[in-house]
Amino acid sequence: MLLLIPGPVTTRPEVRHALTRDIAPWDNDFRVFMAHLLTRIQRLAGASDSEHATLPLQGCGHFVTEAALRTFLPPGGRILIPETGAYGNRMIRLTREAGRVAVPLPVGMAARTDPAAVARALADDPTLTHVGLVYSETGSGVVHDVRAVGEVVRAAGRRMIVDAVSAFGALPLDLSPMPEVDAAVFTANKCLEALPGIGFAVARIDRLLESGDNAGSWSFDLADIYASALRSGPGSFRFTPPAQILAALDVALDALEIEGQGARLARYTANMRTLYDGVAELGLTPWLPASLQGPIIVNVHAPDDPAWNLQAFVDSLKSRGFLISNFYNTPTPTFRVGCIGAITPADMAGAVGAIDAALREIGVIHREAIQA
Ligand SMILES: *Cc1c(COP(=O)(O)O)cnc(C)c1O
Numbered sequence: 014m015l016l017l018i019p020g021p022v023t024t025r026p027e028v029r030h031a032l033t034r035d036i037a038p039w040d041n042d043f044r045v046f047m048a049h050l051l052t053r054i055q056r057l058a059g060a061s062d063s064e065h066a067t068l069p070l071q072g073c074g075h076f077v078t079e080a081a082l083r084t085f086l087p088p089g090g091r092i093l094i095p096e097t098g099a100y101g102n103r104m105i106r107l108t109r110e111a112g113r114v115a116v117p118l119p120v121g122m123a124a125r126t127d128p129a130a131v132a133r134a135l136a137d138d139p140t141l142t143h144v145g146l147v148y149s150e151t152g153s154g155v156v157h158d159v160r161a162v163g164e165v166v167r168a169a170g171r172r173m174i175v176d177a178v179s180a181f182g183a184l185p186l187d188l189s190p191m192p193e194v195d196a197a198v199f200t201a202n203k204c205l206e207a208l209p210g211i212g213f214a215v216a217r218i219d220r221l222l223e224s225g226d227n228a229g230s231w232s233f234d235l236a237d238i239y240a241s242a243l244r245s246g247p248g249s250f251r252f253t254p255p256a257q258i259l260a261a262l263d264v265a266l267d268a269l270e271i272e273g274q275g276a277r278l279a280r281y282t283a284n285m286r287t288l289y290d291g292v293a294e295l296g297l298t299p300w301l302p303a304s305l306q307g308p309i310i311v312n313v314h315a316p317d318d319p320a321w322n323l324q325a326f327v328d329s330l331k332s333r334g335f336l337i338s339n340f341y342n343t344p345t346p347t348f349r350v351g352c353i354g355a356i357t358p359a360d361m362a363g364a365v366g367a368i369d370a371a372l373r374e375i376g377v378i379h380r381e382a383i384q385a
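Have a look at this one:
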């Protein structure tokens, strides 16, 4: 079965194989392993050893995003969050539930965040200390220009938190020329092609030291994770980590090193193209214009046919060896296919064939898009 979902993704067998042994996370050997793993990740983020720390947090992407919001915004603190789609909205909710103030910036799902609009919003409201941006909006498939938005944030003297969860490992991230970024957060189970259970924040050390008791949570405090690593040594954890998942991530990083990040992005882009052009040839309509379509996920308009049924379609695809998302993320109905993970354009061509067969099986005849 190939997982064509935007995480957790299809992994290589050698990555999964790393789960097959018992590991003592409090052992000194594990600490050395972990310190080295953090260094590898820090390099991938283009971070500077003197200015940044790479902090692991057990759990999923929402956890490490919440930890970054809590750590760098004080209670009641105000952050501008471009409304880019499902994940922009999730950042807004995480902010509000943590007792911080999210000020949404209307963007729309079929658009890139306009740096000039961010600049205007910051100029209009001096109480906004931060901008929170989703790099690759997994709801829409649009990739937002973190560098360009970062420049206006820096010019305005404000700070930035980047949700790089579905970007990191494939889309470029170079934090060294981006001092405005307090933290970029991501997980192991998307473009790094490893397994779920661990998130990371690459964060600025000066800002961690300034953050004081902001977090109001012991579990979700990046500054405490940093302080604890200083006290107990690099690679140490405060609470039990998913040690096997980290061992698998190390193997996945070997694979990324061999492939090269540029080649990985090129493979994902080829996956996306194969799918995007392939479904169009089947008579279906991709949800985004080609100019906005990013390489991570593709949404496709549901066909305007009374026989259309997302779950029946998903089940039929599953019986053919391809698993896709079984929920809608867009205002009009679409199905969503992930282009990331240990999969190739040949796999995507297979998926296009399976989509054709699944539509026939569930009795869809008219494939034009459902109109809004
Ligand atoms: C997957 C994802 C997350 C986090 O999802 P979890 O299910 O909490 O791991 C956050 N942001 C984006 C953009 C994502 O794609």
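Residue 14 is where the sequence shown starts when you use the working numbering, and the numbers rise one by one after that.
Built from N, CA and C at the ideal position, the CB exists for glycine as well.
No experiment lies behind these values; they were computed from the predicted model shown.
If you draw a 10 Å sphere on the C-beta of residue 106, you find fewer than 16 other C-beta atoms in it, and that means exposed. The count of Cβ pairs closer than 8 Å, one atom from the segment 331-338 and one from the segment 285-301, stays below three, leaving the stretches out of contact. With respect to residue 70, residue 76 sits close: the two C-beta atoms are nearer than 8 Å. Rounded to whole angstroms, residue 196 and residue 376 show a C-alpha spacing of 48 Å. Cβ-Cβ separation between residue 307 and residue 19: approximately 11 Å, too far for a contact (criterion under 8 Å). In this structure, residue 22 lies near residue 354, with their beta-carbon atoms less than 8 Å apart. Scanning its chain for C-beta atoms nearer than 7 Å, with the 5 sequence neighbours on each side dropped, one finds around residue 257 the residues 31, 32, 36, in chain order. Between ligand 1 and the CB of residue 131, the shortest heavy atom gap is not smaller than 7 Å.
In this structure residue 138 is exposed. Its beta-carbon is surrounded by fewer than 16 other beta-carbon atoms within 10 angstroms.
Residue 131 and residue 165 do touch by the CB rule: their CB atoms are close to 5 Å apart, below 8 Å.
Contact between the segment 196-212 and the segment 74-91 is present: 3 or more CB-CB pairs across the two stretches fall below 8 Å. If you ignore the 5 residues before and after residue 141, its C-beta comes within less than 8 Å of the C-beta of 91, 92, 93, 116, 134, 135, 171, all in its own chain and listed in chain order.
In the structure shown, residue 195 falls within a strand segment according to DSSP collapsed to helix, strand and coil. If you draw a 10 Å sphere on the C-beta of residue 359, you find fewer than 16 other C-beta atoms in it, and that means exposed.
Just measuring C-alpha positions, the residue of 211, 271, 216, 303 sitting nearest residue 191 is 216. Look at residue 353 here: in three-state DSSP terms it is coil, with no helix or strand label. Distances from the alpha-carbon of residue 16 to those of 174, 369, 356 put 356 closest. Remark: C-beta atoms of residue 309 and residue 149 approach each other more closely than 8 Å.
Proximity to residue 319 across 109, 381, 365 peaks at 381, based on C-alpha coordinates.
DSSP places residue 363 in the uninterrupted alpha helix (DSSP H) bounded by 358-375.
C-alpha of residue 64 to C-alpha of residue 121: approximately 35 Å in a straight line. Inter-residue distance for residue 99 and residue 311 is about 14 Å (C-alpha atoms, whole angstroms).
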